[in-house]
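2 protein chains.
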Amino acid sequence: MRKNGLLVVLSGPSGAGKGTVVKALLEQTPQIRLSVSATTRAPRQGESHGEHYFFLSREEFEKEIQGGGMLEYAQYCGKYYGTPKAPVRQWQGEGLDVLLEIEVQGGGQVKERCPDSVGIFLLPPSWEELERRLRGRGTEDEETIRERMETARQEIAGMDGYDYVVVNETVEETVRIIQSILVAEKQKFSRMKNIYEFWKGC
Amino acid sequence: MRKNGLLVVLSGPSGAGKGTVVKALLEQTPQIRLSVSATTRAPRQGESHGEHYFFLSREEFEKEIQGGGMLEYAQYCGKYYGTPKAPVRQWQGEGLDVLLEIEVQGGGQVKERCPDSVGIFLLPPSWEELERRLRGRGTEDEETIRERMETARQEIAGMDGYDYVVVNETVEETVRIIQSILVAEKQKFSRMKNIYEFWKGC
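These protein sequences, in sequence, are chains L and R. Its first residue numbered 301, the first sequence is counted upward by one per residue in the working numbering. Its first residue numbered 301, the second sequence is counted upward by one per residue in the working numbering.
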């Protein structure tokens, strides 16, 4: 009796360290796969179809939306971004956990469509650290920094739609916590109802 | 900002291996304490007050019940058994997780009074293994075995009041899973609301 893998959504403000955590989590957790997003923007140098993104035409993307083929989607700067449902379901069916690293807006759509998905919100250790990281990225002017901080503020306000909150003190500790969440989620009574029915029938 | 420890209820039919799991869990998890039950039955050879049980008179026990001092209680063979609230709350306040190894009837009372408690139901690997263990304990007659099986059946029917279900394949794996559940539970959004309020105010 193989069980479906979990659908896990990881969100958090830019500067929380999602990228580093996802990389370490994938390296250290054999049963997790990272979902590949679809987009209508053009590929950049070095990006390949199916690895960094599924590059779709506007028509293809909208056909997927209409056919219910997107777990979530949104438009940024006139381009579509979204999560194709088919590969996610395929992996889950193979018993693999699938990780979606998406923004709060998309996370809300996934929770609505898949109430048994697991939402994890990643926070930086402190507001000061967040600001330091957002500033430290380049030589942007104050206006750009302020915009980034405002976007982070908006993401953080969406934290209440998530099941778990993890403060990213160190990557090692955060990976260990997320792995524990995956182990625990699989033991939830709501996911064990077949076992309950089996034992009740004994 | 020290956080309260968790209140964890572990139940399961006789023969599921609760005793062995609890022993290993306590040895391997420094922040867990095992709650000591109170009873009105007489101490047996080698049992000491406060270690194996709190031995109370019937009057003392009923005074505790009336004062709301019992997290759960029941009568078996005319004697009271229950969980005194004060030591549990004290440990929780110190940031320690408190484990209650109690029956389904008591587990239901705890969940009702403390909805944020964590209920874990332990199952044996199979019905055949359960029967083997219940038979293997001594040289009881068939009638006694049948009664034990019937009691196990009733306990298992109460599984749906628990948050998590763990099949006790091996003690090592079960301890690892329960430790993961404790780690995950502490990251739940419902337990992180103070962090949410803090960040929203930034």
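Backbone N, C-alpha and C define an ideal beta-carbon position, used for all residues, glycine too. These figures come from a predicted structure and were not determined experimentally.
What does the alpha-carbon distance come out to for the pair glycine 501 of chain R and glycine 319 of chain L? Counting from one through the second sequence, the residue named residue 501 of chain R turns up at place 201. Counting from one through the first sequence, the residue named residue 319 of chain L turns up at place 19. The straight-line gap from Cα to Cα measures roughly 26 Å.
Can you name, in chain order, every residue of its own chain whose Cβ lies under 7 Å from the Cβ of threonine 329 of chain R, other than the five neighbours on each side? The residue given as residue 329 of chain R occupies position 29 in the second sequence. Gln479.
Test: glutamine 375 of chain L CB closer than 8 Å to a CB of chain R: Against the first sequence, residue 375 of chain L aligns to sequence position 75. Not closer than 8 Å to any Cβ of chain R, the Cβ of glutamine 375 of chain L fails to qualify, so no.
Note down, in chain order, all residues in the region 307 to 338 of chain R with a beta-carbon under 7 Å from any beta-carbon belonging to chain L. none
I believe alanine 316 of chain L touches leucine 422 of chain L by the beta-carbon criterion, under 8 Å. Please report the beta-carbon distance rounded to the nearest angstrom. In the first sequence, counting from the first residue as 1, residue 316 of chain L sits at position 16. In the first sequence, counting from the first residue as 1, residue 422 of chain L sits at position 122. Confirmed, about 4 Å.
Quick check on serine 480 of chain R - is its C-beta less than 8 Å from some C-beta in chain L? Residue 480 of chain R sits at position 180 when you count from the first residue of the second sequence. Yes, contact with chain L.
Interface residues of chain R facing glutamine 405 of chain L [CB-CB closer than 9 Å]: Locating residue 405 of chain L in the first sequence gives position 105, where the first residue counts as 1. Chain R residues near glutamine 405 of chain L: none, gap ~18 Å exceeds 9 Å.
Distance, threonine 474 of chain R Cα to glutamate 429 of chain R Cα: Along the second sequence, read from residue 1 onward, the residue named residue 429 of chain R stands at position 129. Along the second sequence, read from residue 1 onward, the residue named residue 474 of chain R stands at position 174. Using only the alpha carbons, I get a separation of about 16 Å.
Complete runs of the alpha helix (DSSP H) confined to the region 317 to 389 of chain L [at least 4 residues]: 318 to 328, 358 to 366
Using 8 Å as the limit for Cβ to Cβ distance, is leucine 396 of chain L near chain R? For the purposes of this step, residue 396 of chain L is taken as the residue at position 96 of the first sequence. Closer than 8 Å: no.
Exposed or buried, isoleucine 365 of chain L, counting other C-beta atoms within 10 Å across all chains shown (16 or more means buried)? Here residue 365 of chain L corresponds to residue number 65 of the first sequence, with the count starting at 1. When all chains shown are included, isoleucine 365 of chain L counts as exposed.
If leucine 396 of chain R and serine 335 of chain R are in contact, beta carbons under 8 Å, what's the gap, nearest whole angstrom? By one-based count along the second sequence, residue 396 of chain R stands at place 96. By one-based count along the second sequence, residue 335 of chain R stands at place 35. About 11 Å separates the two Cβ atoms, so there is no contact after all.
Please classify serine 480 of chain R: does DSSP put it in a helix, a strand, or coil? The residue given as residue 480 of chain R occupies position 180 in the second sequence. Of the three classes helix, strand and coil, the one that applies to serine 480 of chain R here is helix, per DSSP.
Go through the region 395 to 479 of chain R residue by residue and report every complete run of the alpha helix (DSSP H) that reaches 4 residues or more, in order. 404 to 413, 427 to 436, 442 to 457
Cα-Cα, which of R/Glu412, R/Arg453, R/Gly461 is closest to tryptophan 427 of chain R? Here residue 427 of chain R is taken as the residue at index 127 of the second sequence, counted from 1. Of the candidates R/Glu412, R/Arg453, R/Gly461, the one whose C-alpha sits nearest the C-alpha of tryptophan 427 of chain R is R/Arg453.
Give, in chain order, every residue of the region 451 to 477 of chain L whose Cβ lies closer than 8 Å to some Cβ of chain R. Arg453, Ile456, Ala457, Met459, Asp460, Tyr462, Asp463, Tyr464, Val465, Val466, Val467, Arg476, Ile477
So the candidates are R/Ile420, R/Glu450, R/Gln375; which of them puts its Cα closest to the Cα of valine 309 of chain R? Locating residue 309 of chain R in the second sequence gives position 9, where the first residue counts as 1. If we check each option's Cα against that of valine 309 of chain R, R/Ile420 comes out closest.
Could you tell me which chain R residues have their CB closer than 7 Å to the CB of valine 483 of chain L, listed as they occur along the chain? One-based indexing of the first sequence puts residue 483 of chain L at position 183. Ordered by position in chain R, the residues that pass the 7 Å Cβ test against valine 483 of chain L are Ile477, Ser480.
Can you tell me where the beta strand (DSSP E) holding leucine 307 of chain L begins and where it ends? Start at 1 with the first residue of the first sequence, and residue 307 of chain L comes out as number 7. Where leucine 307 of chain L is concerned, the enclosing beta strand (DSSP E) stretches over 307 to 311.
Limits of the unbroken alpha helix (DSSP H) element including asparagine 494 of chain L: The sequence position of residue 494 of chain L within the first sequence is 194, counting from 1. Taken as a continuous stretch (DSSP letters only), the alpha helix (DSSP H) holding asparagine 494 of chain L covers 493 to 500.
Establish whether the CB of tyrosine 381 of chain R and some CB of chain L are separated by less than 8 Å. Stepping through the second sequence from its first residue, residue 381 of chain R is reached at position 81. Tyrosine 381 of chain R does not count as touching chain L.
Mind checking who lysine 488 of chain L pairs with in its DSSP beta bridge? What you label residue 488 of chain L is simply residue 188 of the first sequence in a count that begins at 1. Paired residues: R/Tyr464.
Between valine 483 of chain R and threonine 444 of chain L, what straight-line distance do the alpha-carbon atoms span, to the nearest angstrom? As a first step, residue 483 of chain R must be located in the second sequence, where it is residue number 183. As a first step, residue 444 of chain L must be located in the first sequence, where it is residue number 144. Going from the Cα of valine 483 of chain R to the Cα of threonine 444 of chain L covers about 38 Å.
So if I threshold CB-CB distances at 9 Å, which residues from the region 405 to 435 of chain R count as touching chain L? Gly419, Ile420, Phe421, Leu423, Trp427, Leu430
Who are the Cβ neighbours of isoleucine 477 of chain R in its own chain at under 7 Å, not counting the five residues just before and after it? Reading the second sequence from its first residue, position 177 is the one you call residue 477 of chain R. Val466.
Span separating the alpha-carbon of lysine 360 of chain L from that of proline 384 of chain L: For the purposes of this step, residue 360 of chain L is identified with residue 60 of the first sequence, where counting begins at 1. For the purposes of this step, residue 384 of chain L is identified with residue 84 of the first sequence, where counting begins at 1. Here residue 360 of chain L is glutamate; the residue named in the question, lysine, does not match the sequence. If I take the Cα positions, the gap works out to 12 Å.
Interface flag, lysine 303 of chain L vs chain R, CB-CB below 8 Å: The residue you call residue 303 of chain L lines up with position 3 of the first sequence. No, no contact with chain R.
With DSSP as the reference, label glycine 393 of chain L as helix, strand or coil. The sequence position of residue 393 of chain L within the first sequence is 93, counting from 1. Residue state, collapsed to three classes: helix.
For lysine 303 of chain L, does the count of other Cβ atoms within 10 angstroms reach 16, so buried, or fall short, so exposed? Here residue 303 of chain L refers to the residue found at position 3 of the first sequence. Exposed: under 16 other Cβ atoms inside 10 Å.
Proximity of glutamine 390 of chain R and leucine 307 of chain R at Cβ, strictly below 8 Å: One-based indexing of the second sequence puts residue 390 of chain R at position 90. One-based indexing of the second sequence puts residue 307 of chain R at position 7. Cβ atoms of glutamine 390 of chain R and leucine 307 of chain R: not closer than 8 Å.
Mind pulling the chain R residues with CB within less than 8 Å of tryptophan 499 of chain L? What you label residue 499 of chain L is simply residue 199 of the first sequence in a count that begins at 1. Leu423, Trp427, Ile456, Met459, listed in chain order.
On the CB-based measure, 16 or more other CB atoms within 10 Å of its CB, does aspartate 463 of chain L come out buried or exposed? For the purposes of this step, residue 463 of chain L is identified with residue 163 of the first sequence, where counting begins at 1. Under this definition aspartate 463 of chain L is a buried residue.
Hey, would you say serine 348 of chain L sits closer than 8 Å to tyrosine 381 of chain L, going by beta carbons? Residue 348 of chain L sits at position 48 when you count from the first residue of the first sequence. Residue 381 of chain L sits at position 81 when you count from the first residue of the first sequence. Cβ atoms of serine 348 of chain L and tyrosine 381 of chain L: not closer than 8 Å.
Quick one: list the residues of chain L neighbouring glutamine 345 of chain R, beta-carbon separation under 9 Å, in chain order. As a working note, residue 345 of chain R is residue 45 in the second sequence. Residues of chain L passing the Cβ test: none, with the nearest at roughly 37 Å.
Count the other CB atoms within 10 Å of the CB of glutamine 487 of chain L; is the residue buried (16 or more) or exposed (fewer)? Within the first sequence, residue 487 of chain L is the residue found at index 187, counting from 1. Looking at its Cβ environment, which holds 16 or more other Cβ atoms inside 10 Å, glutamine 487 of chain L is buried.
For threonine 340 of chain L, which of L/Ala457, L/Gln331, L/His352, L/Glu497 has the nearest alpha-carbon? For the purposes of this step, residue 340 of chain L is taken as the residue at position 40 of the first sequence. Threonine 340 of chain L has its Cα closest to that of L/His352, out of L/Ala457, L/Gln331, L/His352, L/Glu497.
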